[in-house]
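Top to bottom, those sequences are chains L and W. Residue numbering for the first sequence follows the numbering used here, starting at 1 and increasing by one per position. Residue numbering for the second sequence follows the numbering used here, starting at 263 and increasing by one per position.
2 protein chains.
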Amino acid sequence: MTDFNSDIFKTIDPERRGTTSEEVISQLREMIHRGDLRPGDRLPPERDLAKLLGVSRPTLRAGIRSLAAVGVLHSRQGAGTFVVKADGPPSLDSSPLRLMASLHGFTSAEMFEARQSLEMAVAGLAAERATGDQMASMSEEVAGMFASLDDPEQFLVHDVRFHQTVAAASGNRILTSLMNMVATILFDTRIKTVKRATDLKESAEMHRHVYRAIRERNPDAARAAMREHLERAQRAWELEKQDAADDTPADGSGGNGAGGAH
Amino acid sequence: MTDFNSDIFKTIDPERRGTTSEEVISQLREMIHRGDLRPGDRLPPERDLAKLLGVSRPTLRAGIRSLAAVGVLHSRQGAGTFVVKADGPPSLDSSPLRLMASLHGFTSAEMFEARQSLEMAVAGLAAERATGDQMASMSEEVAGMFASLDDPEQFLVHDVRFHQTVAAASGNRILTSLMNMVATILFDTRIKTVKRATDLKESAEMHRHVYRAIRERNPDAARAAMREHLERAQRAWELEKQDAADDTPADGSGGNGAGGAH
DNA sequence: TATTAAAATCGGTCATACCATTTATCCGGC
DNA sequence: GCCGGATAAATGGTATGACCGATTTTAATA
């Protein structure tokens, strides 16, 4: 646990430009940029930090809350406020995208396409860079899919892990984060979907094609396989949406939210 | 100006799961999802809304601030709090990505690559879908680049507009938003960079190649042209970074922040 | 009618107190 | 001496009330 014995926290300049809370945000952001605050670090208690920065506690809390909203800080009652730890792949919060989708009326087709583009990109990169371990993981997940054709829930677990492994193999954490951001939104209702065994078998086959293309270090083939995989998944989802339209006749506009095999 | 005469705002259930402010966030998000709150709408005054929701004003403000941090709401002192208007292309706040880059130590090469993948994707889609107007706009921007080879600042304006036009022509606002998110981060220091005329001319040529490929409805060529364009831009930026290393010997680690011709 | 000034509106900030949860401490029993 | 549960301290979450500053609206005035 880091001790802030030195005066890292400078008092807010009264002759600032924006609002006080904005200045607090800037202050904290710069400290993260400079490395004064590192992942996992714990911030001083709000009461102390407010004094250090020369602002009131509500104002400080406003700044903290803004940074917490974007996933940089995390406050736990009774424990403290921490810089989000970088365990595993870095992830961006998908709620902003989700809300933007609502505000602008994004269609699920648009979401699918965005995901498709991102998945194709990472698949291509993965074909160039995947390590032996990563390819072994992909193979295992594909095998897991074939082994759980009769268990859609378990199938979905392997499905998700396969895509995450491919993304990790791309070596680009930004693309990985963006992809997860979109995939998360598409995932929510996907888990509710009951899939037919034939769909699962076809899906598993498509994943195997992607894996083989990556294994053969063929980016174009990997991209093509991923494209076809997700196109089929989207078509399957659209069909299922039609069927499910009878169950929930209300709000038949379709709109946002999506899911389905993938 | 929307009037909230009806009781759209339900009192927060005391038997909730998370914290009170989280419940406020959920409440507001659902209202946006349901369409009760539409882009441009103004929320009731904080004091009134707090009463309607049955929470205190600080708690309500915490929720509002969280949504404002992700770009869904916007508060103006004296005026009120509004749902962000959807004028022009929807945009995601890039600060989360920026902070994540700091936390995880993303290299600028990784940023460049992510941008390249996204730009290639939208260029390919644009080649399939660009309208006549959009292609005309691209052409104008390319012409503007050639016309401002001696004015780097003006050149950059046309440069940015060209890429935004291509993104818009892709017809996928999600990819466009993600691309802008990454491009924004790369842009910040780019404007400071002074470019040589030869670089600008080459850059303009590359943009023309992209435009022509889109004009000819050739997605593969568009992707290839965009790839080469951004690869050259990255190389040029890296060279310039080397040169600039003498001016700012401190913090020679490079780290984040990027720019350069593109 | 147009301009200006006053007033109401509304978000921003501050101070204070208390609650809920977590963490650390202490003490007794084994 | 060691362990475990009870107690206390630390810390974020919420509430109340007040005041300030920017904005908008309204009214008075030229």
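Virtual Cβ for every residue (Gly too), placed ideally from N, Cα, C. Nothing here was measured: the structure is a model prediction, and the numbers come from that model.
Exposure label - residue i; buried when at least 16 CB within 10 Å
i: Thr131/L; result: exposed
i: Thr198/L; result: exposed
i: Ala331/W; result: buried
i: Ala498/W; result: buried
i: Glu153/L; result: exposed
i: Ala136/L; result: exposed
i: Pro90/L; result: buried
i: Gln339/W; result: exposed
i: Arg47/L; result: exposed
i: Leu239/L; result: exposed
i: Met179/L; result: buried
i: Gly18/L; result: exposed
7 Å Cβ cutoff, residue i in contact with chain W
i: Ser75/L; result: no
i: Ala114/L; result: yes
i: Arg65/L; result: yes
i: Leu92/L; result: yes
i: Ser108/L; result: no
i: Ser137/L; result: no
i: Pro219/L; result: no
i: Ala224/L; result: no
i: Met179/L; result: no
i: Ser26/L; result: no
i: Leu175/L; result: yes
i: Met100/L; result: yes
i: Ala168/L; result: no
i: Ala62/L; result: yes
Chain L contact for residue i (CB, 7 Å cutoff)
i: Val332/W; result: yes
i: Ala383/W; result: yes
i: Asn434/W; result: yes
i: Ile476/W; result: no
i: Pro358/W; result: yes
i: His366/W; result: yes
i: Ile294/W; result: yes
i: Pro414/W; result: no
i: Ser379/W; result: yes
i: Glu285/W; result: no
i: Ala388/W; result: no
i: Pro301/W; result: yes
Integer-rounded CB distance, given that residue j should sit under 8 Å from residue i
i: Val24/L; j: Leu53/L; result: 6 Å
i: Val182/L; j: Arg115/L; result: 5 Å
i: Leu43/L; j: Gly80/L; result: 7 Å
i: Leu103/L; j: Ile294/W; result: 6 Å
i: Arg129/L; j: Ser170/L; result: 7 Å
Subject >> Three or more C-beta pairs below 8 Å linking the segment 170-180 of chain L and the segment 150-161 of chain L >> reply: Flag = no, the segment 170-180 of chain L and the segment 150-161 of chain L do not touch.
Original post:
Is the segment 198-209 of chain L touching the segment 144-152 of chain L in the sense that three or more CB pairs, one from each, lie closer than 8 Å?
Top reply: Counting C-beta pairs with one atom in each stretch, the segment 144-152 of chain L and the segment 198-209 of chain L have three or more that are closer than 8 Å, which means they touch.
Subject >> At least three beta-carbon pairs within less than 8 Å, the segment 481-491 of chain W to the segment 382-391 of chain W >> reply: Because the criterion of three Cβ pairs below 8 Å is met, the segment 481-491 of chain W and the segment 382-391 of chain W touch.
Subject >> Any alpha helix (DSSP H) of 4 or more consecutive residues that is wholly inside the segment 87-129 of chain L >> reply: Complete alpha helix (DSSP H) runs here, min 4: 95-104, 108-129.
Subject >> Contained alpha helix (DSSP H) runs [length at least 4] in the segment 148-232 of chain L, N- to C-terminal order >> reply: Complete alpha helix (DSSP H) runs here, min 4: 152-169, 173-187, 197-215.
**OP:** Taking 8 Å as the threshold, find out whether the segment 100-112 of chain L comes into contact with the segment 58-68 of chain L through three or more Cβ pairs.
**Re:** Touching, no.
Original post:
Taking the runs of the alpha helix (DSSP H) that are 4 residues or longer, which of them lie wholly in the segment 18-76 of chain L?
Top reply: The segment 18-76 of chain L contains these whole alpha helix (DSSP H) runs: 20-34, 46-53, 57-69.
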